[in-house]
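Protein chains in written order, with this note's numbering: chain A, 233 to 333; chain B, 233 to 333; chain C, 233 to 333; chain D, 233 to 333.
Just so you know, even glycine gets a beta-carbon here, dropped at the ideal spot from N, CA and C.
Note that the structure is a prediction, hence the values are computed from the model and not measured.
Here is the structure we will look at, set down as C-alpha cells.
Now the structure itself:
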C-alpha cells in the first residue's frame, strides 16, 4: 500500500471502534448471504440482502470520506503548498470509483 | 408464493459452489477492511478496498439475476397466466434496489 | 444501431407518449443545469440538480427494462429455442451498464 | 450562507465554458433518446444510450465536485472557524445523493 501512512492517525481515528463494529456487522451480512445460498433461498430474497450489504458498505465509505475531507484535506489546505491538489485529486478519484460501483 | 422457498431449486442451483466461493472471498475482503482500519491505514486505501468489495457484491448479484431471468422468469412465461407479471414486477424492484446503492 | 428492429413494436410501445413526456422533462432539467452554471449558482445546488436528473433517467430506464422483460424476454421464452438465452444475456449486460453508472 | 450565491464566483468559474459545452452535449443525448423512442428503436439500444447519458452527467458532477473541494472547501479550511464543518457536511451529503442514483 504505497499511500499507506500506517501508524499515522487519520481522520477516522476517533471513530475507529464504531467503524470496526459496522464492518463486523457487514461481515455477518455476507455470511448470511452464504447461508441463504446454501439453503436454496429464493433469488429475489438474496438480491434484497445484497442491496442491504452494499448500502451498509457505502454508508461506511461515506462516513470515512467525510472524516478524510474534514481532517486530511482540510489540514493540507491550511498547510498551503501543492499538497492540497494531490489530496483533492485522490479524493475525487476515490469518489469516482465509488460512483462506478 | 412465499418468498422463501427453501428446498426448491432456483436458477442459481447449478452455480451454488461458485457463488459460495465468491461470497467467502467477499467475506475475506470485509475482514481485510477491518484489519486496514485497525492498523490505521490511509483513508483512500480503505475506500479503494470498499469499491472492490462493492464491485464483487454487484457482480455476484448480476450473476444471480441472470440465472433468475433465465430460469424463474422464463419458466413463468412458459407456464402462462399472471405469474409472469408478478415475476417481472419483483425482478424490476430488485434491480431498482441495486441501482440505488 | 445493429440490434435496431425499427418499425417492430417493442414492449414500451403502449407507453410511448408517457416516455416521451418524461424525456422532455429531463431535457428541461439539463437546460436548467446550463442556466445554473451560466448564473454562477453555488456548486452544491448544481450537484443536487444533477442527482435529480440522474434519478429521472434511471427511473425511465427501469420502466423500459420492466416492459422489455414483460414482453420481449417473456415472448422469447414462450417461443422456445435459444432466443431466450440471447435475450437474457443482453438484458443482463444492459443492467450491468446501468449499475456501473 | 444561502446556498444560492448568484454572482459570486465558485470553483467551477474558470471551467464554465467547458461545463456548458458538456451540458449541451448531454442535452443532445436526451433529445437522441426521444428520437429513439419515437422511431421504435429496440429497448436494449435505448438502455445503452441511457447509460451513456448517465455516465456523462456523473463525470460532469465529479468535475464540479473536484473544483468545489479545491476552492470552496479548501478556502473554508484556510479561513478557519466552523465554516469548514458546514462545507464538509454539505459536500458529503451531495456525494451521498450521487451515490444513491
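Exercise for the section: Compile a chain-ordered list of the residues in the region 275-298 of chain D whose CB is closer than 8 Å to at least one CB of chain G. Expected result: Among the protein chains in the structure shown, which are A, B, C and D, there is no chain G.
Exercise for the section: Using beta-carbon positions only, say whether residue 302 of chain A and residue 243 of chain A come within less than 7 Å of one another. Expected result: yes
Practice task
Give me the Cα-Cα distance between residue 297 of chain B and residue 313 of chain D, rounded to the nearest whole angstrom.
Solution key: 50 Å
Problem - Continuous alpha helix (DSSP H) assignments of at least 4 residues falling wholly in the region 281-315 of chain B - result: 306-311
Practice task
Please look up how many angstroms separate the CB atoms of residue 252 of chain C and residue 269 of chain D, rounded, as I've assumed it's under 8 Å.
Solution key: 6 Å
Exercise for the section: Taking all protein chains shown into account, decide if residue 238 of chain D is buried (16 or more other Cβ within 10 angstroms of its Cβ) or exposed. Expected result: Here residue 238 of chain D scores only 48 on pLDDT, less than 50, and its place in the model should not be relied on; the value that follows carries that caveat. Exposed.
Problem - Within 7 Å, strictly: CB atoms of residue 255 of chain A and residue 265 of chain B - result: yes
Practice task
Could you say which of B:285, B:306 and B:320 lies nearest to residue 315 of chain C if we only look at CA atoms?
Solution key: B:306
Problem - Length of the line joining the Cα atoms of residue 286 of chain B and residue 274 of chain A - result: 22 Å
Exercise for the section: Specify, as a first and last residue, the run of the alpha helix (DSSP H) that residue 264 of chain B falls within. Expected result: 248-270
Practice task
Identify whether residue 243 of chain B lies in helix, strand or coil by the three-state DSSP scheme.
Solution key: coil
Exercise for the section: Please state whether DSSP places residue 324 of chain A in a helix, a strand or coil. Expected result: helix
Problem - Alpha carbon of residue 260 of chain D to alpha carbon of residue 299 of chain B, nearest angstrom - result: 36 Å
Exercise for the section: Can you give me, in chain order, the residues of the region 241-263 of chain C that have a beta carbon less than 8 Å from any beta carbon in chain D? Expected result: 241, 242, 243, 244, 245, 248, 251, 252, 255, 256, 258, 259, 262 and 263
Practice task
Return helix, strand or coil for residue 329 of chain C, following the three-state DSSP convention.
Solution key: helix
Practice task
Use the C-beta contact count for residue 271 of chain A: other C-beta atoms within 10 angstroms, 16 or more gives buried, fewer gives exposed.
Solution key: exposed
Handout entry: Cut-off 8 Å between Cβ atoms - residues of its own chain near residue 293 of chain B, not counting five sequence neighbours on either side
Key = 330
Exercise for the section: Compare the C-beta of residue 318 of chain A with all C-beta atoms of chain D and state if any pair is closer than 7 Å. Expected result: no
Practice task
Please decide whether residue 324 of chain A counts as near chain B, where near means a Cβ-Cβ distance under 7 Å.
Solution key: no
Handout entry: CB contact flag (residue 319 of chain C, residue 326 of chain C, <7 Å)
Key = no
Exercise for the section: Please go through the same chain and pick out, in chain order, the residues whose beta-carbon is closer than 6 Å to the beta-carbon of residue 276 of chain B, but skip the five residues on each side of it. Expected result: none
Problem - Alpha carbon of residue 249 of chain B to alpha carbon of residue 280 of chain B, nearest angstrom - result: 28 Å
Problem - Span separating the alpha-carbon of residue 322 of chain C from that of residue 304 of chain C - result: 11 Å
Practice task
Using a Cβ cut-off of 7 Å, pull out every chain A residue sitting near residue 328 of chain D, in sequence order please.
Solution key: 294
Exercise for the section: Report the option in A:333, A:295, A:284 and A:288 whose CA atom is closest to the CA atom of residue 247 of chain A. Expected result: A:295
Handout entry: residue 310 of chain A: contacting residues in chain B (beta-carbon distance under 8 Å)
Key = Within chain B, no residue comes near residue 310 of chain A; the closest Cβ sits about 17 Å away, beyond 8 Å.
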